[in-house]
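When the count follows numbering that gives the first Met the number 0, it moves up by one through the sequence shown with no breaks and lands on 415 for the last residue.
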Amino acid sequence: MKQVIVMGLGYIGLPTAVILAANGYRVTGVDRDIKLLQELEQGKIHIEEPNLNLLFQQVRSEKKLRFSPQPENADIFIIAVPTPARADKSCDMTNVLQAVESILPQLQTGNLLIIESTIPPLSCEEIIKPLLEEAGHKVGENLFLAFCPERVLPGDIVRELLVNNRVIGGFTRRCAQEAAKFYGSFLQGEISLSDLKTAEMTKLLENTFRDVNIALVNEMTRICSHLGIDVLEVIRLANKHPRVKLLQPGPGVGGHCLAVDPYFIVEKAPSLAPLIKTAREVNASMPAFIVEKVQNLVAGMDKPHIAVFGLSYKGNIGDLRESPAWEIVKSLRQEGYSIKVFDPHVRSVSGENSAPAAVKDADLILILTEHDEFRHLDYDELAAGMRTPLVFDTRNIIPARANPFSRIRLCHLGNT
Ligand code: SAJ
Numbered sequence: 000m001k002q003v004i005v006m007g008l009g010y011i012g013l014p015t016a017v018i019l020a021a022n023g024y025r026v027t028g029v030d031r032d033i034k035l036l037q038e039l040e041q042g043k044i045h046i047e048e049p050n051l052n053l054l055f056q057q058v059r060s061e062k063k064l065r066f067s068p069q070p071e072n073a074d075i076f077i078i079a080v081p082t083p084a085r086a087d088k089s090c091d092m093t094n095v096l097q098a099v100e101s102i103l104p105q106l107q108t109g110n111l112l113i114i115e116s117t118i119p120p121l122s123c124e125e126i127i128k129p130l131l132e133e134a135g136h137k138v139g140e141n142l143f144l145a146f147c148p149e150r151v152l153p154g155d156i157v158r159e160l161l162v163n164n165r166v167i168g169g170f171t172r173r174c175a176q177e178a179a180k181f182y183g184s185f186l187q188g189e190i191s192l193s194d195l196k197t198a199e200m201t202k203l204l205e206n207t208f209r210d211v212n213i214a215l216v217n218e219m220t221r222i223c224s225h226l227g228i229d230v231l232e233v234i235r236l237a238n239k240h241p242r243v244k245l246l247q248p249g250p251g252v253g254g255h256c257l258a259v260d261p262y263f264i265v266e267k268a269p270s271l272a273p274l275i276k277t278a279r280e281v282n283a284s285m286p287a288f289i290v291e292k293v294q295n296l297v298a299g300m301d302k303p304h305i306a307v308f309g310l311s312y313k314g315n316i317g318d319l320r321e322s323p324a325w326e327i328v329k330s331l332r333q334e335g336y337s338i339k340v341f342d343p344h345v346r347s348v349s350g351e352n353s354a355p356a357a358v359k360d361a362d363l364i365l366i367l368t369e370h371d372e373f374r375h376l377d378y379d380e381l382a383a384g385m386r387t388p389l390v391f392d393t394r395n396i397i398p399a400r401a402n403p404f405s406r407i408r409l410c411h412l413g414n415t
């Protein structure tokens with residue numbers, strides 16, 4: 000049974016460690032957060048993902064997954080630590096470099112080192128490989144180095160870890176092949192081999208593509224709003240074209256990926272990336288656009304109360320990182336509005352425990368996150384407890400056509 004060390008037990012590292020343990024590997028998950036390790040040892044996981052807890056409890060009871068603050072000897076090392084953006088939006092690789100440094104004393108002939116963390120192009124060759132060589136390793140000869148970006152979608156991580164196609168960049172062909180052998184042992188998706196820098200850039204392009212696509216519909220939302228055209232209908236109709244696949248506008252783009260990764264391309268070639276940079280700016284401006292719309296909707300009301308539904312950066316998860324919803328709530332509070340929040344997925348922020356409690360005497364329900372719980376609410380019934388029966392659905396989750404709640408004025412990005 001091969002031994003795998005997974006460095007970093009966050010959104011990617013923990014599910015990866017669990018999946019590997021369930022697929023025939025002896026796994027040690029390493030993290031410097033001692034409190035997190037203690038909680039994991041006690042059987043508590045900090046990530047809300049379908050099927051993760053079940054699988055976690057199973058591999059723990061079978062003693063296939065251990066935790067440690069320090070790496071130890073192993074066959075395969077995976078680095079899945081976060082790479083946040085610095086204040087100037089460039090990539091802070093400190094976690095990755097510290098992880099590499101901490102495994103240096105453990106590396107042995109024949110080991111495979113895989114980087115899964117998202118990093119700027121050329122980082123493996125220009126920063127990580129030299130670190131390994133300075134420690135005396137002959138990369139490509141007695142140590143195999145590969146970059147295999149994670150591609151899983153928060154909210155569906157466990158399934159996607161098994162079925163998604165993977166791109167593997169190797170320092171040499173042999174490095175990529177060694178990594179492919181490993182991923183092929185549990186992956187149902189297709190594996191494509193390439194070199195390090197191509198795989199690094201591929202990862203960034205994927206998230207940038209999505210960010211630019213969303214920026215396009217968000218910009219279109221502003222334009223249509225100005226011209227009095229229903230942008231949601233325009234997008235729906237345009238998507239009937241066989242080669243058009245527009246995403247949905249919303250209150251902004253959050254999370255630790257789309258809102259961050261495109262800048263890792265910009266930092267490498269700023270003068271060559273105007274489109275990528277502008278797309279980021281368009282998406283980053285959406286919270287202010289929503290705040291402006293809210294101000295217009297409640298203008299003239301006496302001390303308006305707003306009930307915000309959803310704080311996380313997208314539906315059905317509890318992740319607050321870069322969340323546009325959170326930014327909107329902060330802005331509205333700064334503007335002096337009375338705000339109550341309800342998010343059944345976010346426990347870290349004190350809010351209301353139920354929708355009726357949040358909307359009591361409210362003048363507006365502001366839907367900022369597309370949680371399933373919000374889709375299935377009876378808004379007509381909720382309106383009975385409101386002062387003004389007004390809903391602003393920025394995620395377009397309430398079907399306007401089959402509007403059964405006649406008393407409510409339903410606003411969305413297409414008519415507001
Ligand atoms: N969003 C929109 N409109 C849409 C789709 C998304 O406004 O039509 C917003 C969401 O509300 C959210 C943000 O974009 O605030 C990002 O959400 P997401 O679901 O698009 O993506 P992430 O950040 O959760 O995960 C992405 C995925 N990348 C791609 O789909 C190309 C995932 O596969 C990556 O593994 C992940 O980034 C990552 O870790 O890099």
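Each residue gets a CB set at the ideal place from its N, CA and C atoms; glycine is no exception.
Between the options, which lies nearest to residue i when the distance is taken from Cα to Cα?
{"i": "Glu205", "options": "Glu48, Ile167, Glu266, Arg150", "result": "Arg150"}
{"i": "Ala25", "options": "Leu35, Asn52, Glu61", "result": "The identity of residue 25 in the sequence shown is Arg, whereas the question assumes Ala. Arg25 has its Cα closest to that of Glu61, out of Leu35, Asn52, Glu61."}
{"i": "Ser353", "options": "Asp362, Gln105, Pro343", "result": "Pro343"}
{"i": "Ala178", "options": "Leu112, Phe208, Arg386, Lys128", "result": "Leu112"}
{"i": "Asn141", "options": "Ala20, Leu39, Asn110", "result": "Asn110"}
{"i": "Val297", "options": "Glu38, Gln2, Arg386", "result": "Arg386"}
{"i": "Arg346", "options": "Ser311, Leu39, Gly23", "result": "Ser311"}
{"i": "Gly23", "options": "Lys1, Ile44, Pro119, Leu103", "result": "Lys1"}
{"i": "Asn295", "options": "Cys410, Met92, Leu203", "result": "Cys410"}
{"i": "Ala134", "options": "Pro120, Ile156, Gln105", "result": "Gln105"}
{"i": "Lys313", "options": "Ser337, Asp260, Ile127, Thr368", "result": "Thr368"}
{"i": "Ile234", "options": "Val216, Pro241, Leu36, Arg242", "result": "Val216"}
{"i": "Glu125", "options": "Arg332, Ile102, Leu96", "result": "Leu96"}
{"i": "Gly169", "options": "Lys276, Ser193, Leu121", "result": "Ser193"}
{"i": "Leu131", "options": "Glu100, Ile156, Asp155", "result": "Glu100"}
{"i": "Val259", "options": "Ile127, Ile102, Arg242, Phe208", "result": "Phe208"}
{"i": "Ile156", "options": "Asn52, Phe181, Pro83, Gly335", "result": "Asn52"}
{"i": "Val265", "options": "Leu203, Gln37, Pro153", "result": "Leu203"}
Would you tell me roughly how many angstroms separate the C-alpha atoms of residue i and residue j, rounded to the nearest one?
{"i": "Asp360", "j": "Ser284", "result": "30 Å"}
{"i": "Ser184", "j": "Ala73", "result": "17 Å"}
{"i": "Leu363", "j": "Gly227", "result": "22 Å"}
{"i": "Lys239", "j": "Val58", "result": "45 Å"}
{"i": "Leu186", "j": "Ile77", "result": "16 Å"}
{"i": "Pro355", "j": "Gly413", "result": "26 Å"}
{"i": "Thr220", "j": "Val230", "result": "6 Å"}
{"i": "Tyr262", "j": "Pro273", "result": "11 Å"}
{"i": "Cys174", "j": "Lys196", "result": "14 Å"}
{"i": "Ile129", "j": "Glu115", "result": "In the sequence under discussion, the amino acid at residue 129 is Pro, which differs from the Ile named in the question. Each residue's Cα considered, the two are about 18 Å apart."}
{"i": "Val138", "j": "Lys88", "result": "31 Å"}
{"i": "Asp30", "j": "Ile75", "result": "16 Å"}
{"i": "Ile118", "j": "Ala86", "result": "16 Å"}
{"i": "Arg158", "j": "Phe55", "result": "14 Å"}
{"i": "Ala324", "j": "Leu365", "result": "10 Å"}
{"i": "Val80", "j": "Leu35", "result": "14 Å"}
{"i": "Ile397", "j": "Ser337", "result": "24 Å"}
{"i": "Ala84", "j": "Cys90", "result": "5 Å"}
{"i": "Ile102", "j": "Pro70", "result": "6 Å"}
{"i": "Glu334", "j": "Glu326", "result": "12 Å"}
Looking at chain D, is there any beta carbon in it that lies within less than 8 Å of the beta carbon of residue i?
{"i": "Ile156", "result": "The structure shown contains no chain D; it holds only a single protein chain."}
For residue i, which residues in the same chain have their Cβ closer than 6 Å to its Cβ, ignoring the five residues on either side in sequence?
{"i": "Thr415", "result": "Lys292"}
{"i": "Ala357", "result": "Ala306, Lys339, Phe341, Glu351"}
{"i": "Glu218", "result": "Val281"}
{"i": "Thr27", "result": "Ile4, Arg65, Ser67"}
{"i": "Leu161", "result": "Gln187"}
{"i": "Ser191", "result": "Val166"}
Only counting the same chain, and skipping five residues up and downstream in sequence, which positions put a Cβ closer than 7 Å to that of residue i?
{"i": "Pro388", "result": "Ala382, Arg406, Ile407, Arg408"}
{"i": "Ile33", "result": "Pro68"}
{"i": "Gly42", "result": "Gln56, Arg59"}
{"i": "Ser322", "result": "Gly253, Leu310, Ser311, Tyr312"}
{"i": "Thr93", "result": "none"}
{"i": "Ser122", "result": "Met92, Glu199"}
{"i": "Phe181", "result": "Ile75, Leu111"}
Can you name, in chain order, every residue of its own chain whose Cβ lies under 8 Å from the Cβ of residue i, other than the five neighbours on each side?
{"i": "Met330", "result": "Residue identity check: residue 330 is Ser in the sequence provided, not Met. Within the same chain, Ser330 has close Cβ partners Pro286, Ala287, Val290."}
{"i": "Thr108", "result": "Asn141, Leu142"}
{"i": "Cys223", "result": "Asp229, Val230, Val233, Gly413"}
{"i": "Asp371", "result": "Gly314, Asn315"}
Contained alpha helix (DSSP H) runs [length at least 4] in the segment 33-73, N- to C-terminal order: 33-40, 51-60
contact_flag[the segment 32-50, the segment 10-19] where n(CB pairs < 8 Å) is 3 or more: yes
Stretch-stretch touch, CB-based, cutoff 8 Å, three pairs: the segment 162-181 with the segment 136-149: yes
Touch test, the segment 12-21 against the segment 59-74, Cβ-Cβ under 8 Å, three pairs minimum: yes
Inter-stretch contact (C-beta, 8 Å, three-pair minimum) for the segment 312-323 and the segment 236-254: Cβ pair count under 8 Å is three or more, so yes.
contact_flag[the segment 267-279, the segment 292-306] where n(CB pairs < 8 Å) is 3 or more: no
Alpha helix (DSSP H) runs contained entirely in the segment 79-153, provided each spans 4 or more residues: 93-102, 128-133
Any alpha helix (DSSP H) of 4 or more consecutive residues that is wholly inside the segment 149-218: Taking 4 residues as the minimum length, the alpha helix (DSSP H) runs contained wholly in the segment 149-218 are 156-162, 172-183, in order along the chain.
Runs of alpha helix (DSSP H) lying entirely within the segment 271-334, each at least 4 residues, in chain order: 273-283, 285-297, 323-333
Alpha helix (DSSP H) runs contained entirely in the segment 327-383, provided each spans 4 or more residues: 354-358, 371-374, 378-382
Three CB pairs or more closer than 8 Å across the segment 207-222 and the segment 231-251: yes
Whole alpha helix (DSSP H) elements within the segment 216-276, 4-residue minimum: 230-237, 261-265
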